[in-house]
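Residues 7 to 177 (this note's numbering) are what the sequence shown spells out, left to right. No residue lacks a Cβ here, since even glycine has one placed at the ideal position from N, Cα and C. Since the model is a prediction, treat every value here as computed from it, not as a measurement.
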Amino acid sequence: MRPREALRFAFVRPNNALFSAFYREAILSPTLFYDMNKKIRKSEAEWKAVLSPEQYRILREKGTERAFSGVLYDHKGDGTYVCAACGQPLFASLAKYDSGCGWPSFYQPEDGDAIETQEDLSGGRVRTEVLCSRCGSHLGHVFADGPNPTGLRYCINSAALDFADNASQTA
Ligand SMILES: [Zn+2]
């Protein structure tokens, strides 16, 4: 068999074990390849297994931690704040500022694609909810009372974040 024929044979032969597994996976999960690159979808049971009860309440049930209670509220350091659920980079430490509100506050996300926003009408107020674009977890809210240059305050639960230190990453 010539090499080109062998290649074609490998792709069309339905009982090729590797190809069958690949094909079955693609049929069972049409979004598999899209998900690997972008979205992370887990069942709520899976999230419960990997998050602490407090993280689960906030990230997956849109909860809010008590003001001034989070370990990252007053946290300083050179690095990146990432989603506690999926690890996506969300806010650079340079964009963190002391708003005095009791939650970690940022004036802009590291990358606009990293977060999504939607209207939140809960609690008899109109607010803008902030979610992680990769895993859909609730992070906090964004308000229009922030500092320059954006005038925005991303008010984010500490429990929704992990901190990746630049110093430890390069060490
Ligand atoms: Zn996430």
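Spatial neighbours of residue i in its chain, beta-carbon cut-off 6 Å, leaving aside the 5 residues before and after
i    : result
M42  : In this prediction, M42 scores a pLDDT of 48, lower than 50, which makes its location untrustworthy; no coordinate-derived value is stated.
F17  : Note that F17 scores 49 on pLDDT, short of 50, meaning its location in the model is unreliable and no value can be drawn from it.
Y40  : Its pLDDT being 45, under 50, Y40 is placed unreliably in this model, and the value from its coordinates should be taken loosely. Contacts found: none.
G108 : A73 and F74
Beta-carbon spacing of residue i, residue j below 8 Å
i    : j    : result
E122 : L137 : yes
R140 : K45  : yes
T156 : Q114 : yes
S143 : A91  : yes
L167 : V56  : no
E116 : F97  : yes
Y79  : P110 : yes
R66  : E50  : yes
Nonlocal neighbours in the same chain, by C-beta distance under 8 Å from residue i, ignoring five residues either side
i    : result
V77  : S164
R63  : G69
V132 : E125 and D126
Beta-carbon contacts of residue i that lie in its chain and below 7 Å, excluding the five residues immediately before and after
i    : result
G85  : S99, F169, A170, D171 and N172
K54  : Y62
P153 : Y103 and Y113
D119 : S139
D135 : The sequence as given places Glu at residue 135; Asp does not occur at that position. The residues are T123, Q124, D126, H144 and H147.
Within-8 Å CB hit, residue i to chain B
i    : result
E125 : As a matter of chain content, chain B is missing from the structure shown, which is built from one protein chain.
Chain-ordered residues, beta carbon under 6 Å from a heavy atom of ligand 1: C89, A91, C92, Q94, C138, R140, C141 and S143
contact_flag[the region 99-114, the region 126-137] where n(CB pairs < 8 Å) is 3 or more: no
With a floor of 3 residues, list each beta strand (DSSP E) that falls wholly inside the region 62-105, ordered by position along the chain. 85-89 and 95-98
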